[in-house]
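> To start, I am sharing the structure in question, which I have written as structure tokens.
Numbering (the working numbering), first residue to last: 1 to 286.
Written as structure tokens, this is what we have:
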């Protein structure tokens, strides 16, 4: 029996969508720029670990990044300290580069029109581009965490970890807590990725979209530190970026994780809708 065009179309479009996603991820992670950014991120925890190891005096509690003074006692804190250092600038910078390039990069190269010739449609193309940015968020955070864990194990003793609540947990559970912190930070970057996607639909100049996304991440953090704008703080996408302390207590409190996820979901929904509204009317033939 011969299937009608209407019956065959949905699987065909679904196949095109998955093929497009596979192509997007392949192109993203084969770029020299992507690997250069990941290597730079991997270098941060190594530099921190080496600096602490070679230091003639121990770090003073309360000075420097969070948990820096605990690294010499337990190498597992290298990963957490590196994530704290990377969250304000390095991770947003790399995510901004990838997210800002999503649509603007294709338009600049003249390949956007050819992508839209496939039966994927503009909505699916936006989703694929955002999925690529999300994949990079996972890769970037995992790179910092893995590099920090490796540097900590090589250069410092490793043992049970004392949490902020005073409880002591095993090495296995501390690794799980580190993975939860990495997941928290990954979720924190999803709103910024959506903002970058939105900005990318407004221009054919990828460098401009990248710069605007990175600048917005800095502006959001600056505003979040102004007590005069306390009413605005809960609405800033960077407000919960360093709020993972609850994951280092016993028992774990999921309040911050939930509030952060809800905030980022709101940015994804709003920016995604605005990106589609702009992209659906974008002239890709000019």
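All C-beta atoms, glycine included, are put in the ideal place defined by N, C-alpha and C.
1) How far does the alpha helix (DSSP H) with residue 98 in it extend, from its first residue to its last?
2) Based on the DSSP secondary-structure assignment, which residues constitute the bridge partners of residue 268?
3) Using 8 Å as the cut-off, can you tell me whether the segment 139-148 makes contact with the segment 39-47, which would need three or more C-beta pairs spanning the two stretches below that distance?
4) Cα-Cα, which of 47, 96, 127 and 165 is closest to residue 252?
5) Are the beta-carbon atoms of residue 128 and residue 274 separated by less than 9 Å?
6) Within 10 Å of its beta-carbon, does residue 260 have 16 or more other beta-carbons around it, so buried, or fewer, so exposed?
7) For the alpha helix (DSSP H) that residue 221 lies in, which residues bound it at each end?
8) Measure the beta-carbon distance from residue 52 to residue 72 and round it to whole angstroms, keeping in mind my assumption that it falls under 8 Å.
9) Can you tell me whether residue 81 is helix, strand or coil according to DSSP?
10) Spatial neighbours of residue 2 within its chain, please: C-beta separation below 6 Å, excluding the five flanking residues on both sides.
11) Closer than 8 Å: is that where the CB of residue 68 sits relative to any heavy atom of the ligand FMN?
12) Residues in the same chain with beta-carbon distance under 6 Å from residue 280, minus the five sequence neighbours each way, listed in chain order, please.
13) Across which residues does DSSP place residue 168 in a beta bridge pair?
14) Specify the secondary structure class of residue 69 as computed by DSSP and reduced to three states.
15) Taking the straight line between their C-alpha atoms, what separation do you get for residue 266 and residue 35?
16) Just the Cα atoms here: how many angstroms apart are residue 27 and residue 50?
17) The alpha helix (DSSP H) spanning residue 108 covers which residue range?
18) Please state whether the Cβ-Cβ distance between residue 181 and residue 244 is less than 9 Å.
19) State buried or exposed for residue 241, treating a residue as buried only when at least 16 other CB atoms are found within 10 Å of its CB.
20) Would residue 224 be called buried (16 or more neighbouring beta carbons within 10 Å of its own) or exposed?
21) Cβ of residue 216 within 9 Å of Cβ of residue 103?
22) Since residue 96 and residue 214 are thought to touch, with beta carbons under 8 Å apart, how far apart are those beta carbons, to the nearest angstrom?
23) Could you give the distance in angstroms between the alpha-carbon of residue 65 and the alpha-carbon of residue 81?
This is what the structure holds:
1) Along the chain shown, read from residue 1 onward, the residue named residue 98 stands at position 98. Segment 90-100, the alpha helix (DSSP H) holding residue 98.
2) Looking up residue 268 in the chain shown gives position 268. None; residue 268 has no bridge partner.
3) yes
4) The residue labelled residue 252 in the question sits at position 252 within the chain shown. Cα-wise, what sits closest to residue 252 is 165.
5) Position 128 of the chain shown holds residue 128. Position 274 of the chain shown holds residue 274. It is not a contact, given that the beta carbons lie outside the stated cut-off.
6) Reading the chain shown from its first residue, position 260 is the one you call residue 260. Buried.
7) Walking along the chain shown from the start, residue 221 turns up at place 221. From DSSP, the alpha helix (DSSP H) with residue 221 extends over 206-224.
8) Along the chain shown, read from residue 1 onward, the residue named residue 52 stands at position 52. Along the chain shown, read from residue 1 onward, the residue named residue 72 stands at position 72. With a Cβ gap of about 6 Å, residue 52 and residue 72 count as contacting.
9) Reading the chain shown from its first residue, position 81 is the one you call residue 81. Helix, per DSSP.
10) Sequence index remark: in the chain shown, residue 2 carries index 2 (1-based). Because the pLDDT at residue 2 is just 42, under 50, the model does not fix this residue reliably, and the value given afterwards should be weighed accordingly. No residues qualify anywhere along the chain.
11) This structure lacks the ligand FMN, and indeed carries no ligand of any kind.
12) Locating residue 280 in the chain shown gives position 280, counting from the first residue. Closer than 6 Å at Cβ, skipping near neighbours: 122.
13) In the chain shown, counting from the first residue as 1, residue 168 sits at position 168. Looking at the DSSP assignment, residue 168 forms a beta bridge with 162.
14) The residue you call residue 69 lines up with position 69 of the chain shown. DSSP places residue 69 in helix when its eight states are reduced to three.
15) Here residue 266 refers to the residue found at position 266 when the chain shown is read from its first residue. Here residue 35 refers to the residue found at position 35 when the chain shown is read from its first residue. When rounded, the distance between both Cα atoms is 30 Å.
16) To locate residue 27, count along the chain shown from 1; it is residue 27. To locate residue 50, count along the chain shown from 1; it is residue 50. The alpha-carbon atoms of residue 27 and residue 50 are separated by roughly 34 Å.
17) On the chain shown, residue 108 is found 108 positions in, with the first residue counted as 1. Unbroken alpha helix (DSSP H) run through residue 108: 104-109.
18) Position 181 of the chain shown, counted from the first residue, corresponds to residue 181. Position 244 of the chain shown, counted from the first residue, corresponds to residue 244. Yes, Cβ-Cβ distance for residue 181 and residue 244 is below 9 Å.
19) Position 241 of the chain shown, counted from the first residue, corresponds to residue 241. Residue 241 comes out buried.
20) The count along the chain shown starts at 1 and reaches residue 224 at position 224. Residue 224 comes out buried.
21) Translated into positions along the chain shown, residue 216 becomes position 216. Translated into positions along the chain shown, residue 103 becomes position 103. Contact: no.
22) Walking along the chain shown from the start, residue 96 turns up at place 96. Walking along the chain shown from the start, residue 214 turns up at place 214. Their Cβ separation, rounded to whole angstroms, is 4 Å, which keeps residue 96 and residue 214 in contact under 8 Å.
23) Here residue 65 corresponds to residue number 65 of the chain shown, with the count starting at 1. Here residue 81 corresponds to residue number 81 of the chain shown, with the count starting at 1. Going from the Cα of residue 65 to the Cα of residue 81 covers about 7 Å.
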